[in-house]
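Here the structure is laid out as structure tokens; the discussion comes afterwards.
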Amino acid sequence: MTSIAENALRDTAFDGPVAFPARKKRIKPQQIAILVFLAICALFFCVPLYVIIVTSLKSMDQIRQGDVFALPWNWDFGAWWQAWDKACSGTRCAGVKVGFLNSLEILAPSLVLSIGLSCVTGYALALWKVKWASSFLFVLFMCAFVPFQIIMVPLILITGFLHVYGTVWGIAVVHAALAMPILTLIFRNYYKGIPTEIMSAAMLDSGSFWRVFVEIILPMSGNIMIVVLILQITSIWNDFLVGLTYGGIGTQPMTVILANVVITATGEASYNVDMAAALLTAVPPLVIYFLLGRFFVQGITAGAIKG
Amino acid sequence: MAVRWSRWSPQLALTPALVVTLVAFAGSIAWTIWMSFTRSRRFPDYAIDAVRPFRQYERLWHDDIFTNSLWHMLVLGIGSLLAIVFGFILAAMIDREKRGEGIFRTVFLYPLAVSLIVSGLVWRWMFNPTLGVQHFFADIGLPWIHFDWLNYPQTAMYGIILATVWQGSGFYMALMLSGLKSINSEIWSAARLDGVRFWRLYIEIIIPMMKFTFLTCAILLSLGVVKAYDIVFAMTNGGPGQSTWVPAYYTIDAYWQKANLGLASAAAVVMLAITLIIFLPLVLITAWQQRRVEARIQ
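Heads up: the protein sequence lines correspond to chains D and S, in order. For the first sequence, our numbering gives the first residue as 1, with consecutive numbering after it. For the second sequence, our numbering gives the first residue as 1001, with consecutive numbering after it.
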């Protein structure tokens, strides 16, 4: 009984911040205009999402009628199943699930390599005295903007030399290398904000580079880890060129399979299957975005520029 | 001993990153520049072309497809500036009318979470000349509205620009919003007291105050435009004809389709040069801003 009462109390107590004092002024026409404008823009932004969903649920008969915005006559998930299990990419007709599994396989080593590498580098640059740290940071800042095309072919040779070309590890190595500059800068900026008292206490306590990292710094970096993790998951999942260039036949990520299914398909195009395949590819990052949007925004703005 | 060991371990921990920088970035760039002076075809040929070392660059210069692709990139860049304008308008409106900020931000930013391949394919489907949005306009009695831009060389690039603006506006909105929030709130109340009209407030005070944010956005956008490949591939695959080829597309094509490493390397070097030209002002501005901040502290 008491627990119910407590819950009720808690509900009232934690129900948001103190309510704003009710405004007596009515909404001004200008404010209505702004809200209407924003709502129209929001609708425009939603149009492609709406189109992709309704198209994937329509039958080809209805699509041939030509009304792209109409709701499906009967909600049919057949195209989804077709795209997931049967759609043809090249000569192999096993659907985009192949790409889904490949992308998952690529994701794990890529995340471990890229985050491990840049986390340690950022920590060393931020909290330890390294003579050439500032010039190295500047070089990293430059590297973050290098177009992929100029290092594409040498990286093929390097991954070939390491005997990982065409495997998930090849893709992971390239992802780790490409993401290293920007992630290092993000980690370094975050660790730079750690109070010096904590660092000097830690130095007195053990003074070992790795022990301080594992026992003190890592437990403190939960927030930035989530931000970077989401940034990396979405960018690796959405990547196309790296997967296309360094992936073998059996290790193509989902975006590449999707492009094969849609663009290089022969015969009459079945747009509902195409859109279902595209939607399935978009779902994982979208789910992450809608669940953890705050961290996603932090990641992309930090990843954009914070030299 | 422990102390010395720990002094060395930061350097040791930095080794992988240093190797990546030296090999995957510096070394690879140098390798590609070297290749651009050779006559390599499918496989690297390390002998520099002694007779005409700039052969590949001359070829690029005389290749209409490449010069056109530079032109297309410029069009794409100028068109995509709309994303910054649009992003600023959205940010200013959201900032003015706080109601629904969370919802609007979520909606405007979601395209960024989606792969460019996916959004390219969706837009391609909407641009479908017989079954897409064009058909919808004809149905509601507006047959003069054309929405089959991707089918014609003259308009295909505008289709890509539309998709790019849709994808990118939210990002610039997020950057602008954080810029707007850092503006001193006294300015707003002072302006209200003076009865300054709100659009004049924006044009004469707010935008000049945010010029660095605008510049940052413009530089980020240009760097993104130089790299643009996925969206072109998904929407038009370069077509119709070569009307939507951009340097990034040309480079990939020169290597994989033409099997001409020398030419691809030269095109990649041109891309790098463009990036540097865009990038240089950014470095100067950051340096200048830093000096200004330091001057203020003293």
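Think of the CB as a built atom: it goes at the ideal place given N, C-alpha and C, for glycine as much as any other residue.
Against chain D, does residue i count as a neighbour if the rule is that its beta carbon must be under 8 angstroms from one of theirs?
{"i": "Ser1028 (chain S)", "result": "yes"}
{"i": "His1135 (chain S)", "result": "yes"}
{"i": "Arg1099 (chain S)", "result": "yes"}
{"i": "Tyr1046 (chain S)", "result": "no"}
{"i": "Ser1115 (chain S)", "result": "yes"}
{"i": "Ser1178 (chain S)", "result": "yes"}
{"i": "Asp1230 (chain S)", "result": "yes"}
{"i": "Tyr1255 (chain S)", "result": "yes"}
{"i": "Leu1215 (chain S)", "result": "no"}
{"i": "Pro1281 (chain S)", "result": "no"}
{"i": "Met1210 (chain S)", "result": "no"}
{"i": "Val1107 (chain S)", "result": "yes"}
{"i": "Phe1088 (chain S)", "result": "no"}
{"i": "Thr1021 (chain S)", "result": "yes"}
{"i": "Gly1195 (chain S)", "result": "no"}
{"i": "Leu1175 (chain S)", "result": "yes"}
{"i": "Gly1132 (chain S)", "result": "yes"}
{"i": "Ala1050 (chain S)", "result": "no"}
Can you pull the chain D neighbours of residue i, defined as C-beta to C-beta under 8 angstroms?
{"i": "Asn1237 (chain S)", "result": "Ile263"}
{"i": "Thr1067 (chain S)", "result": "Under the 8 angstroms cutoff, chain D gives no residues; its nearest Cβ is about 18 angstroms from Thr1067 (chain S)."}
{"i": "Tyr1202 (chain S)", "result": "By Cβ distance, chain D contributes nothing, its closest Cβ being about 13 angstroms from Tyr1202 (chain S), past 8 angstroms."}
Here's the rule: buried if 16 or more other CB atoms are within 10 angstroms of the residue's CB, otherwise exposed. What is residue i?
{"i": "Leu1175 (chain S)", "result": "buried"}
{"i": "Val214 (chain D)", "result": "exposed"}
{"i": "Tyr1046 (chain S)", "result": "exposed"}
{"i": "Gln149 (chain D)", "result": "buried"}
{"i": "Trp80 (chain D)", "result": "buried"}
{"i": "Pro29 (chain D)", "result": "exposed"}
{"i": "Val1019 (chain S)", "result": "exposed"}
{"i": "Arg1124 (chain S)", "result": "buried"}
{"i": "Tyr1202 (chain S)", "result": "buried"}
{"i": "Trp1144 (chain S)", "result": "exposed"}
{"i": "Val1225 (chain S)", "result": "buried"}
{"i": "Asp1253 (chain S)", "result": "buried"}
{"i": "Arg1041 (chain S)", "result": "exposed"}
{"i": "His1135 (chain S)", "result": "buried"}
Please report whether the beta-carbon of residue i lies at a distance below 8 angstroms from any beta-carbon of chain S.
{"i": "Thr251 (chain D)", "result": "no"}
{"i": "Tyr289 (chain D)", "result": "yes"}
{"i": "Met225 (chain D)", "result": "no"}
{"i": "Ala278 (chain D)", "result": "yes"}
{"i": "Asp76 (chain D)", "result": "no"}
{"i": "Cys88 (chain D)", "result": "no"}
{"i": "Ile217 (chain D)", "result": "no"}
{"i": "Ile150 (chain D)", "result": "yes"}
{"i": "Pro48 (chain D)", "result": "yes"}
{"i": "Ala83 (chain D)", "result": "no"}
{"i": "Ile182 (chain D)", "result": "no"}
{"i": "Ile63 (chain D)", "result": "yes"}
In chain order, what residues of the same chain have a beta carbon less than 6 angstroms from the beta carbon of residue i, not counting five sequence neighbours either side?
{"i": "Gly1087 (chain S)", "result": "Ser1169, Tyr1172, Met1173, Met1176"}
{"i": "Glu1101 (chain S)", "result": "Ile1094"}
{"i": "Phe100 (chain D)", "result": "Met254"}
{"i": "Val174 (chain D)", "result": "Leu155, Val242, Tyr246"}
{"i": "Gln62 (chain D)", "result": "Trp73"}
How would you list, in chain order, the residues of chain S whose beta-carbon sits under 8 angstroms from the beta-carbon of residue i?
{"i": "Thr121 (chain D)", "result": "Ala1013, Leu1014, Pro1016, Ala1017"}
{"i": "Asp67 (chain D)", "result": "His1135, Phe1136, Asp1139"}
{"i": "Val228 (chain D)", "result": "The contacting residues do not exist; Val228 (chain D) stays about 15 angstroms from chain S at best."}
Can you list, in chain order, the residues of its chain whose CB lies under 7 angstroms from that of residue i, leaving out five sequence neighbours each side?
{"i": "Ile171 (chain D)", "result": "Ile106, Ser110, Val242, Gly243, Tyr246, Gly247, Thr251"}
{"i": "Thr281 (chain D)", "result": "Val96, Met254, Thr255, Leu258"}
{"i": "Ala126 (chain D)", "result": "Arg188, Tyr191, Lys192"}
{"i": "Val1075 (chain S)", "result": "Met1157"}
{"i": "Val287 (chain D)", "result": "none"}
{"i": "Ala277 (chain D)", "result": "Ala83, Ala87, Val96, Leu258, Val261, Val262"}
{"i": "Ala1091 (chain S)", "result": "Met1173, Met1176, Leu1177, Leu1180"}
Can you list, in chain order, the residues of its chain with a C-beta nearer than 8 angstroms to that of residue i? Leave out the 5 residues immediately preceding and following it.
{"i": "Leu1116 (chain S)", "result": "Gln1167, Asp1230, Ile1231, Ala1234"}
{"i": "Ile320 (chain D)", "result": "The requested residue 320 (chain D) does not occur in the structure, where chain D is confined to residues 1 to 307."}
If the cut is a Cβ gap below 7 angstroms, which residues of chain D does residue i touch?
{"i": "Pro1010 (chain S)", "result": "Ala124, Trp128, Val130, Phe209"}
{"i": "Ile1145 (chain S)", "result": "In chain order: nothing, as chain D lies at least about 14 angstroms away."}
{"i": "Arg1096 (chain S)", "result": "Ile34"}
{"i": "Ala1234 (chain S)", "result": "Ala259"}
{"i": "Ser1119 (chain S)", "result": "Pro48"}
{"i": "Ala1083 (chain S)", "result": "Within chain D, no residue comes near Ala1083 (chain S); the closest Cβ sits about 12 angstroms away, beyond 7 angstroms."}
For residue i, return the contacting residues in chain B, with the cut-off set at a CB-CB distance below 7 angstroms.
{"i": "Ile52 (chain D)", "result": "Any reference to chain B falls outside this structure, whose protein chains are D and S."}
Give the residues of chain S in contact with residue i, contact being defined as C-beta atoms less than 7 angstroms apart.
{"i": "Ile300 (chain D)", "result": "Leu1112, Phe1171"}
For the ligand SAH, I want to know if residue i counts as a neighbour, meaning its beta carbon is within less than 7 angstroms of at least one of the ligand's heavy atoms.
{"i": "Val36 (chain D)", "result": "As for the ligand SAH, it is missing from this structure, which has no ligand bound."}
(request) Report the residue ranges of all alpha helix (DSSP H) runs contained in full by the stretch 179 to 264 of chain D; include only those spanning at least 4 residues, in chain order. (result) 196 to 205, 209 to 212, 222 to 238, 241 to 246, 254 to 263
(message) For a minimum of 4 consecutive residues, which ranges assigned as the alpha helix (DSSP H) are wholly contained in the stretch 1212 to 1242 of chain S?
(response) 1230 to 1235
(message) My parser needs the alpha helix (DSSP H) runs of 4 or more residues fully inside the stretch 1138 to 1219 of chain S; what are they?
(response) 1156 to 1181, 1185 to 1194, 1198 to 1201
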